[in-house]
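> Note that the UniProt record's numbering has the sequence shown beginning at 1, numbered continuously upward.
The beta carbon of each residue, even a glycine, is placed where N, CA and C say it ideally should be.
This is the structure I have questions about; it appears just below.
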Amino acid sequence: MNATAGQAEVKSLADRFGVEPGMVVMEMGYDDDVDQDLRDVLIDRCGELVDEETDEVVDVVLLWWRDDDGDLVETLIDALGPLADNGVVWLLTPKAGRPGHVEPSEINESAPTAGLQQTSTVNAGKDWTAARLVAPRAARSRR
């Protein structure tokens, strides 16, 4: 019975991430440590995830980010390139106490510099937290 309850909880992540069938989801920062259950739920909902080399306009960017991955601002700016006007960047970072943990202050400083604002945070699995980042409304109307 616990397995079923766990699956229901994981399934709801696709809803919480706002991923619908037919959406194009681009994944950045994939490595061995990503939450495979989350990936599977999103793939079940929308189909295969595209990578950074895509020429498609994407609805959602799933960005796995660790403390030693480089410059967060530059990577967020790169994520904006293929993003649709009303698209969302989900910045996934390891939870506190996990290897690669990113301090919330780094996200709070980096997002606005990249032209994004954080709207919410969700628990994205056992080891990951996800911050929802969007372009401010005024910026979206100018894009």
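(1) Going by DSSP in three states, residue 116 sits in which element: helix, strand or coil?
(2) Check residue 59 in the structure and name its three-state DSSP category.
(3) Once the 5 residues before and after residue 75 are set aside, which same chain residues still bring their CB inside 8 angstroms of it?
(4) Put residue 54 into one of helix, strand or coil per three-state DSSP.
(5) For residue 127, which option in 72, 92, 51, 17 has the closest C-alpha, if you only look at C-alpha atoms?
(6) Locate the alpha helix (DSSP H) running through residue 42, then write down its first and last residues.
(7) Since residue 26 contacts residue 51 with CB under 8 angstroms, what's their CB separation in whole angstroms?
(8) So what does DSSP say about residue 16, is it helix, strand or coil?
(9) Sort out for me which residues DSSP pairs residue 98 with in a bridge.
(10) How big is the Cα-Cα spacing for residue 13 and residue 130?
The relevant details are as follows:
(1) coil
(2) strand
(3) Taking residue 75 as the centre and dropping the five residues before and after it, the same chain places the C-beta of 28, 29, 63, 65, 69 closer than 8 angstroms to its C-beta, in chain order.
(4) coil
(5) Out of 72, 92, 51, 17, 92 has the C-alpha closest to the C-alpha of residue 127.
(6) 36 to 46
(7) 7 angstroms
(8) In the structure shown, residue 16 adopts helical secondary structure according to DSSP, grouped into three states.
(9) DSSP output for residue 98 lists no bridge partner at all.
(10) Answer to the nearest angstrom: the Cα atoms are 11 angstroms apart.
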